[in-house]
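Here's the structure, in structure tokens; my notes come after.
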Amino acid sequence: MPTNFTVVPVDDGRTLPQEDSNDDNVLREDDEDLAENMWSSYGSAGELVEKKMESVAASELTHDPSLPYVLNNMATFFTLLVGIYFPSVTDLSCVVLFGACIEGVVLRDKFGDSVKKNLVIGTLSWPSPWVIVIGSFFSCCGAGLQSLTGAPRLLQAIARDGIVPFLEVFGHGKANGEPTWALLLTAGICEIGILIASLDAVAPILSIAEKEWGDGIRGLSLNAARYALIRLEEAPPHTKNWRPQLLVLLNLDPELKVKHPRLLSLTTQLKAGKGLTIVGSVLEGTYLTKDAEAKKAEQNIKIAMTAEKTKGFCHVVVTSNLRDGISHLIQAAGLGGMKHNTVLMAWPSSWKQSNDPLSWKNFIETVRETTSAHQALLVAKNVDNFPQQERLREGTIDVWWVVHDGGMLMLLPFLLRQHKVWRKCKMRIFTVAQLDDNSIQMKKDLQMFLYHLRLDAEVEVVEMHDSDISAFTYEKTLVMEQRSQMLKQMHLSRTEREREIQSITDESRSSIRRKNHARAQSSGSSNQGATLEDEMENEAQLIHDKNTASHAANNDKPDATPDRVHMTWTKEKFIGERNRIREQNTNMAVRDIFNMKPYLPSYIYSYIFTFLENSNQSNVRRMHTAVKLNEVVLNKSQDAQLVLLNMPGPPRNRQGDENCILT
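Residue 1 is where the sequence shown starts when you use the UniProt record's numbering, and the numbers rise one by one after that.
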């Protein structure tokens, strides 16, 4: 145990330290010690170290080594103390703790004479002072080995970059990349520091550098980002790791402020700060005249992104017209492998009352360009009614499978439910079936599929008459061959293909089996030179003819069988049928869709269209199917908080755009 001391008065007027047998009076936890040690109490050189008593100048006898005197010594200076102390201490609270539990006279004993040259922190350690000694030794060894391996490589990198010309010779090394010459130089520098034999003199040189090297951290970040982008572009992402990387198209008002800020709220809830988010907008004009407005618009978008807690990048494009600007963003947004795969935009508002045809033509062209770029498109309807950051107490997220696969439709509600706004909402899945489909088995298969995915969702199969969803079967036929080719390109095994959700539902569809039988009959009599697209159109036409015949039989001759039905479509009959459908159905269901009240659910669409072409009578049936589906959706999902739909793509014929009806 180290010898402790206290200060007592003596006869000659001086204060001398005397040994005390009470070991508990030196190291104690006392608030008075903390208050005392908070302020500087350094004395002059040659004075005795004492406590709470004025010191007198020491005589010549005080320097006698045989006497247990502790004197003040000027062995350091401020710069040296900063060089030693500041780099080695990461938490200043240790100073406060030392001042609270150790006497001030012990702290001012520089060389530990009062504790027999031992470490104070070692004296406090348990179970032995050697714990601190051994720990400090291994810590120094670890830091030395780290410097031994890291410093030569850093010097080699600096030499190779040519930052310091005379160091270029140290950039060379062995064939395996070992920095031999840099290692020799660093070893020589370390040897010089060892020969100095005073770490106190070396520490200020190492820790207080007067040279300003600039923003090195930013350069390091740019280099790391460049390396990551190059690595990211080497291979495409796996299908199972696909996530929506969003390009958000915003509309600006005349004051260059965001017109629909809730679209950014939806982006935040969908992404949760993860992945890539690019927020873009378009200004009409030339860049030379709109430069200031573009910067102002970009600043307003960044302010809106900060308010909605959207993490991402902002990009404003100035072009001669809106359509070209959106096309440029879809094509060129992103860098390298950091590119978007999904476009998010708002539904065109008041397009029916607008006198400008560009309000809906731009939307249709955006759909076409997104489809050509093989990207997903999310269209948010009633976007101003979307929740901002307040939590929804209860409700449902309804997913409607129409025509296409439901992979993305399953992913979107899953991502939304990770956010606190939608966390308490339940998920419901609706799929459409015909009367002769095995609806019970289809529901069981979907429930088992959701169980394997660990998704908590309700499944409901909606049965509709064949004539009401004849266009649904037609569209199913068009995409089946494309879907088969996509599964082949994914290089999935047979078991993995059977686990795909659309394969599960198709097993229970009698309409799909009828299609396969019709395909076998048509493929034997088709021409050898027919292309794949022609075969798909022929298959679809067989289903179309059969459904059209059954639809006519149900309406005109209820007792007739499909074999006896014969209908000839003329131009006059087509126009009359189209007008009749418009008068009876369009004015009700389609109008209700667009004039929904605020309490009705919000929608996210993926290019939803029903279109008419004067030369093809099948489009009347498509409009009829769309109206019927809209009625079912409004009936089933009226109380839902969010409805997700996935519908067919845009019309192929640009001449029929003026007859396009957005439902």
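Backbone N, C-alpha and C fix where the C-beta goes; we use that ideal spot for every residue, glycine too.
When the Cα atoms are used, N438 and E460 turn out to be separated by approximately 13 Å.
DSSP, reduced to helix, strand and coil, places G173 outside both helices and strands of the structure shown, so it counts as coil. S265 is not a Cβ neighbour of E298, given a cutoff of 9 Å. When the five nearest sequence neighbours on each side are left out, the beta carbons in the same chain lying within less than 6 Å of the beta carbon of K420 are those of R391, in order along the chain. Cβ-Cβ separation between A376 and P165: approximately 53 Å, too far for a contact (criterion under 8 Å). For G285, the CB contacts under 7 Å within the same chain, skipping 5 residues up- and downstream, are V318 in chain order.
Between T268 and L642, the C-beta gap is not smaller than 9 Å, which leaves the two residues out of contact. Annotated as distal: I429 and L412, with beta-carbon spacing of 9 Å or more. In the structure shown, the three-state DSSP call for H340 is coil.
Contact annotation: K426 and E463 have beta-carbon atoms that are not nearer than 9 Å. In the DSSP assignment, G193 falls within the alpha helix (DSSP H) that extends over T180 to I196.
Comparing alpha-carbon positions, the option among K295, G135, C314 and F363 lying closest to I326 turns out to be F363. DSSP places C425 in the coil class of the three-state scheme, outside both helix and strand. Annotated as distal: A333 and V258, with beta-carbon spacing of 9 Å or more. Pairwise C-beta distances place the segment 159-176 out of contact with the segment 125-136, as fewer than three of them are shorter than 8 Å.
According to the DSSP secondary-structure assignment, F430 is paired through a beta bridge with W400 and E460.
By the C-beta density criterion, L145 is exposed, having fewer than 16 other C-beta atoms within 10 angstroms.
Around the Cβ of N635, a 10 Å sphere holds fewer than 16 other Cβ atoms; the residue is exposed. According to DSSP, residue pairing for E293 in a beta bridge does not occur. Take W401, set aside five residues on each side of it, and the residues of its chain with a beta-carbon closer than 8 Å to its own are L409, I429, F430, T431, V432, T505 and N646, in chain order. The three-state secondary structure of F363, taken from DSSP, is helix.
Beta-bridge partners of G280 (DSSP): L249 and H315. Secondary structure of V164 (DSSP, three-state): coil. In this structure, T123 is the residue among A151, A380 and T123 with its C-alpha nearest to the C-alpha of I102. The beta carbon of E369 is closer than 6 Å to those of S327 and I330 in its chain, skipping five residues each way along the sequence.
Per DSSP, reduced to three states, the secondary structure at K271 is helical. Between L276 and G312, the gap from beta carbon to beta carbon is short of 9 Å. Distances from the alpha-carbon of L167 to those of A197, D253, G177 and P152 put P152 closest.
In the displayed model, K257 falls within coil according to three-state DSSP, outside both helix and strand.
Rounded to the nearest whole angstrom, the CA to CA distance from A272 to L415 is 9 Å. For L450, the uninterrupted alpha helix (DSSP H) segment begins and ends at S439 to H452. DSSP, reduced to helix, strand and coil, places E233 outside both helices and strands of the structure shown, so it counts as coil. In this structure, D398 and S221 do not form a Cβ contact; the two beta carbons are roughly 44 Å apart against a cut-off of 8 Å. Leaving aside the five residues that flank L119 on each side, the residues in its chain whose CB is nearer than 8 Å to its CB run, in chain order, G112, P129, I132 and V133. Close CB contacts of H172 within its chain, under the 7 Å cut and outside five residues either way in sequence, are with W181 (chain order). Only exposed fits A201, as fewer than 16 other CB atoms lie within 10 angstroms of its CB.
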